[in-house]
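Colleague: Line by line, the protein sequences are chains A and B.
So that you can map any letter, position 176 of the first sequence is 255 in our numbering, and since no number is skipped, the others follow by simple counting.
So that you can map any letter, position 9 of the second sequence is 88 in our numbering, and since no number is skipped, the others follow by simple counting.
Where is the CB? At the ideal position from N, CA and C, for every residue including glycine.
Note that this is a predicted model, so its numbers are computed, not measured.
Protein chains: 2
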Amino acid sequence: MTTSTTSSTRRTRDVRTRGRAADVVERILQATAEQLSEVGFAALRVDDIAARSGVNKTTIYRRWPTRASLVDAAIRRSKPPAGVARGSTLKEEALAIARDWLAFHESPMGRGIVRVIQTEVGHPELEPIVRELRADGRRGRIAMVQRAIDRGELPPDTDAALIADMIFSPLTTRLVFNVERVDEQMIARTVDIVVAGLKAV
Amino acid sequence: MTTSTTSSTRRTRDVRTRGRAADVVERILQATAEQLSEVGFAALRVDDIAARSGVNKTTIYRRWPTRASLVDAAIRRSKPPAGVARGSTLKEEALAIARDWLAFHESPMGRGIVRVIQTEVGHPELEPIVRELRADGRRGRIAMVQRAIDRGELPPDTDAALIADMIFSPLTTRLVFNVERVDEQMIARTVDIVVAGLKAV
DNA sequence: AACTTAAGGCAACAGCCAGTTGCGGGCTAG
DNA sequence: CTAGCCCGCAACTGGCTGTTGCCTTAAGTT
């Protein structure tokens with residue numbers, strides 16, 4: 080969506096978006112993502128981002144008035160995979176989504192976003208983006224389950240939200256809290272159990 | 080010999096643990112828990128705790144050298160329910176644990192702890208207590224699944240950790256991220272699906 | 001009751017970091 | 001080649017953590 084910049088009260092507002100300016104923005108957001116993935120939001124220092132990107136702190140503040148808005152911008156620059164699944168069975172679709180997430184989690188921005196999702200409370204300024212990230216992911220996963228229901232793969236009275244959570248929250252919990260390793264096989268087993276269970280109950 | 084007390088940096092430390100001292104400690108930890116549940120760790124200010132407990136900031140720092148150690152102490156004062164389950168079936172045990180958690184989550188300390196569990200990254204000083212909280216909970220839940228396996232309620236080759244996560248991570252995710260309401264019925268359905276699925280697969 | 005001394009109150013301070021300001025100079029666009 | 005946008009620089013405000021020295025209060029002892 081080209082120019083985002085939620086706050087309009089800046090100065091004369093980003094007329095030059097090419098050349099040096101574009102390069103500076105790029106470097107700042109990249110450095111933000113990297114720092115975010117390495118130290119998280121709480122310990123994120125603007126001076127460090129300035130140093131890392133080779134840009135003056137003032138320049139950063141001129142474009143993004145607060146630390147939170149900077150992080151917001153950096154995240155929106157490369158949001159996680161939309162969770163648009165493809166496949167002919169629930170299992171295939173779930174695996175595809177999980178694969179996307181695992182791959183995304185390898186990138187600096189991926190790790191950074193995971194840390195942000197984990198943050199929030201006590202940082203109300205960050206809440207909008209966090210809420211959006213969570214909602215996006217959940218929406219896609221619930222839609223996935225709904226397709227399986229429509230397809231007749233799952234009983235018609237299935238609680239799509241619950242099933243979506245049952246399939247993915249073990250994954251996200253392990254990813255976010257960094258406990259035990261996560262792989263495709265784990266997802267596959269999870270899906271198998273849930274699907275079999277739904278048919279049996 | 081015996082009591083060394085090299086009276087180095089700090090003073091001679093907590094000899095009087097009754098009377099006024101005990102009252103002060105009590106008030107500080109209580110205020111910490113309350114503030115924690117209201118604003119979370121990131122926004123927790125020592126001055127506020129001092130004001131709320133009617134104690135001078137210096138007094139707080141004399142007992143707990145950092146904000147994190149204070150929070151650590153407040154949490155240890157009333158940790159979450161141990162997850163010691165009781166019941167004759169997996170479902171009964173799971174429901175008992177879930178009930179304890181939901182009840183605990185109503186108290187100031189309960190909410191405070193949930194916020195802390197959610198925090199961590201970027202606050203390395205807080206990591207020990209967070210790790211401990213998570214480990215405690217998980218250990219209890221895995222043991223619960225293991226009992227069900229031993230009892231023959233679940234197949235012997237069941238992955239206890241995975242099943243524990245499948246049953247409880249939808250609950251904790253919803254509790255921590257505050258999305259959708261959580262009730263016993265939800266847990267019951269989750270357990271039913273997982274158990275049925277394990278038998279069928 | 002008198003005394004000893006641990007523990008709390010007070011106030012000023014150092015250090016870190018977010019966010020601000022005024023000015024000056026280089027780079028881009030036209 | 002000129003106008004003015006954009007960035008660099010440096011100094012500053014203000015909030016919060018954690019510290020220090022000194023004084024006051026009260027707990028426990030005789």
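Got a sec: is the Cβ-Cβ distance from Phe-256/B to anything in chain A below 8 Å?
Modeller: Chain A contact via Cβ: present.
Colleague: Have a look at Pro-235/A and Ile-228/A and give me their C-alpha separation to the nearest angstrom.
Modeller: So the alpha carbons of these two residues sit roughly 6 Å apart.
Colleague: Specify whether the region 159–175 of chain B and the region 116–134 of chain B touch according to this definition: at least 3 beta carbon pairs, one from each stretch, less than 8 Å apart.
Modeller: The region 159–175 of chain B is not in contact with the region 116–134 of chain B.
Colleague: Among the candidates Gln-225/A, Lys-158/A, Leu-250/A, Ser-116/A, whose CA atom is the shortest distance from the CA of Gln-264/A?
Modeller: Taking only the C-alpha atoms, the option nearest Gln-264/A is Leu-250/A.
Colleague: Which residue spans inside the region 157–198 of chain A form an unbroken alpha helix (DSSP H) run of at least 4?
Modeller: Those alpha helix (DSSP H) runs which fall completely within the region 157–198 of chain A and span 4+ residues are 169–183, 187–198.
Colleague: With a CB to CB cut of under 6 Å and the five nearest residues on each side skipped, what residues in its chain are close to Glu-113/A?
Modeller: The answer, listed in chain order, is Pro-187.
Colleague: Are the beta-carbon atoms of Phe-120/B and His-202/B separated by less than 8 Å?
Modeller: For Phe-120/B and His-202/B, yes; Cβs fall inside 8 Å.
Colleague: With burial defined as no fewer than 16 other Cβ atoms inside 10 Å of the residue's Cβ, what is the status of Thr-168/A: buried or exposed?
Modeller: Burial call: exposed.
Colleague: Is there a C-beta anywhere in chain A that falls below 8 Å from the one on Thr-269/B?
Modeller: With 8 Å as the cut-off, Thr-269/B counts as an interface residue toward chain A.
Colleague: Strictly below 8 Å CB to CB, what residues from chain A border Ala-240/B?
Modeller: Simply Glu-259.
Colleague: Taking the CB atoms as reference points, tell me whether Val-255/A and Ile-196/A lie closer together than 8 Å.
Modeller: Yes, Cβ-Cβ distance for Val-255/A and Ile-196/A is below 8 Å.
Colleague: Could you give the first and the last residue of the continuous alpha helix (DSSP H) run that contains Pro-207/A?
Modeller: Looking at the DSSP string, the run of the alpha helix (DSSP H) that includes Pro-207/A is 206–229.
Colleague: Could you name the residues of chain A that His-202/B contacts, counting a contact when the two beta carbons are closer than 7 Å?
Modeller: Per Cβ cutoff of 7 Å: Ala-121.
Colleague: Quick one: what does DSSP say Val-273/B is sitting in, helix, strand or coil?
Modeller: In the structure shown, Val-273/B sits in a helix (DSSP, three-state: H, G or I).
Colleague: For the alpha helix (DSSP H) that Asp-126/A lies in, which residues bound it at each end?
Modeller: It spans 125–132 - the alpha helix (DSSP H) in which Asp-126/A sits, taken as one unbroken run.
Colleague: The alpha helix (DSSP H) that contains Leu-254/A, what's its start and end?
Modeller: Unbroken alpha helix (DSSP H) run through Leu-254/A: 239–256.
Colleague: Taking C-beta pairs closer than 9 Å, name the residues in chain A that Arg-213/B reaches, listed in chain order.
Modeller: What Arg-213/B touches in chain A: Phe-256, Val-258.
Colleague: Considering only the alpha carbon of each residue, which of Leu-149/A, Leu-123/A, Arg-156/A, Trp-180/A lies closest to Phe-247/A?
Modeller: The residue with the shortest Cα to Cα distance from Phe-247/A is Trp-180/A.
Colleague: Can you tell me whether Thr-296/A is helix, strand or coil according to DSSP?
Modeller: Past the boundaries of the shown model lies residue 296/A; chain A is included only from 80 to 280, so the question cannot be answered.
Colleague: Does the distance from the CB of Leu-108/B to the CB of Arg-156/B come in under 8 Å?
Modeller: Yes, they are a contact pair.
Colleague: Could you tell me whether the Cβ atoms of Gly-166/A and Ala-175/A are closer together than 8 Å?
Modeller: In contact: Gly-166/A and Ala-175/A (Cβ atoms closer than 8 Å).
Colleague: Here's a check: name, in chain order, each residue in its chain whose Cβ is nearer than 7 Å to the Cβ of Arg-146/A, leaving out the five neighbours to either side.
Modeller: The residues are Leu-123, Val-125.
Colleague: Could you give the residue range of the alpha helix (DSSP H) that holds Arg-260/B?
Modeller: First-last for Arg-260/B: undefined, no H or E at that position.
Colleague: Report all residues from its chain with a CB closer than 8 Å to the CB of Ser-148/B; omit the five preceding and five following residues, and keep chain order.
Modeller: Excluding sequence neighbours, Ser-148/B sits near Glu-204.
Colleague: Excluding the five sequence neighbours on either side, which residues of its own chain have a C-beta within less than 8 Å of the C-beta of Val-193/B, listed in chain order?
Modeller: For Val-193/B, where only same-chain residues beyond five positions count, the Cβ hits under 8 Å are His-184, Leu-254, Val-255.
Colleague: Please name the residue in Leu-115/A, Ser-116/A, Tyr-140/A, Ala-110/A whose C-alpha comes closest to that of Gly-133/A.
Modeller: Checking every option, the nearest Cα to that of Gly-133/A belongs to Ala-110/A.
Colleague: Thinking C-alpha only, which one of Gln-225/B, Gly-231/B, Arg-230/B is nearest Asp-238/B?
Modeller: For Asp-238/B, the nearest C-alpha among the options comes from Gln-225/B.
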